[in-house]
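In this note's numbering, the protein residues as written are 32 to 250.
Pasting the structure below:
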């Protein structure tokens, strides 16, 4: 199906999923978020932009760690749950939310954030062209020396080439479309950055096979 149609189908699917399964990922932060917080602290970051924050388990963790957090997602349902949880965790004053589709430019000024985090957001139903545009925009909003940490499922994952293929290494299984990353795409996205790490890890019961990538913007 056309990219725009696939995007709308995925948006509706995530809206329904968050609505039917509130807090579906639990309250504990992901392991990548815990790792990211230590990196962001070490870099002297004060604020974090999280892309694809969902219902907020990682955004809330960053807030509890003392960061000022801007959490974006294309699901208003997920962000509603995030705001409610921020009040319950007494960190509402540190968390700002914005409904945003990463296919559009980020609603932030140039050089306005210290760090950016995205757990499995870049490997959603985004074309390679859209992923490059997003990373270029992340570069725009980061301050010099800023840290960008993201995770993606890769072509070694068990679900790669399983289900419905949409081209461009995008495969849909169980209603969720995933862009599985080949290694050269990671390297291409790091052009003009300092690539600090590409670490393989696994998550979930399948398990999902991912890379954790950290790259910094030169000063």
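Note that the Cβ used here is the ideal one computed from N, Cα and C, for glycine as well.
Just so we're clear, the structure is a prediction, and the values are computed from it rather than from any experiment.
- [ ] Would you grab the beta carbon distance between residue 76 and residue 98 for me? Rounded to a whole angstrom, and I think it's under 8 angstroms.
- [x] Rounded, the Cβ-Cβ distance is 7 angstroms, consistent with contact.
Task: Length of the line joining the Cα atoms of residue 127 and residue 79 - done: Rounded to whole angstroms, residue 127 to residue 79 spans 10 angstroms at the Cα level.
Task: Rounded separation between residue 243 and residue 228 - CA only - done: 7 angstroms
Task: Those residues which DSSP pairs with residue 231 across a bridge - done: 242
Open item on the list: DSSP three-state label for residue 132, please.
Closed with: In this structure, residue 132 counts as coil in the three-state DSSP scheme.
Task: Contact set for residue 246: own chain, Cβ-Cβ below 7 angstroms, skip 5 residues either direction - done: 179, 221, 224, 225, 226, 227
Task: Per DSSP, cross-strand counterpart(s) of residue 176 - done: DSSP lists no bridge partner for residue 176.
Open item on the list: What would DSSP say about residue 159, mapped onto helix, strand or coil?
Closed with: helix
TODO: Give the straight-line distance between the Cα atoms of residue 95 and residue 59, rounded to the nearest whole angstrom.
DONE: 12 angstroms
- [ ] Pick out whichever of 211, 203, 148, 198 has its Cα sitting closest to the Cα of residue 63.
- [x] Cα-wise, what sits closest to residue 63 is 148.
- [ ] Let me know if residue 112 comes out buried or exposed under the rule of 16 or more other beta-carbons within 10 Å of its beta-carbon.
- [x] Per the 10 Å Cβ criterion, buried.
Open item on the list: Classify residue 90: buried if its beta carbon has 16 or more other beta carbons within 10 angstroms, exposed otherwise.
Closed with: buried
TODO: Could you check how far apart the C-beta atoms of residue 68 and residue 93 are, in whole angstroms? I think they sit under 8 angstroms.
DONE: A Cβ-Cβ separation of about 6 angstroms places residue 68 in contact with residue 93 under the 8 angstroms criterion.
TODO: Alpha carbon to alpha carbon, how far is residue 189 from residue 236? Give it in angstroms, no decimals.
DONE: If I take the Cα positions, the gap works out to 12 angstroms.
Task: C-beta contact flag for residue 199 and residue 230 at 8 angstroms - done: no
Open item on the list: Does residue 85 pass the burial test, meaning 16 or more other C-beta atoms within 10 Å, or should it be called exposed?
Closed with: Buried.
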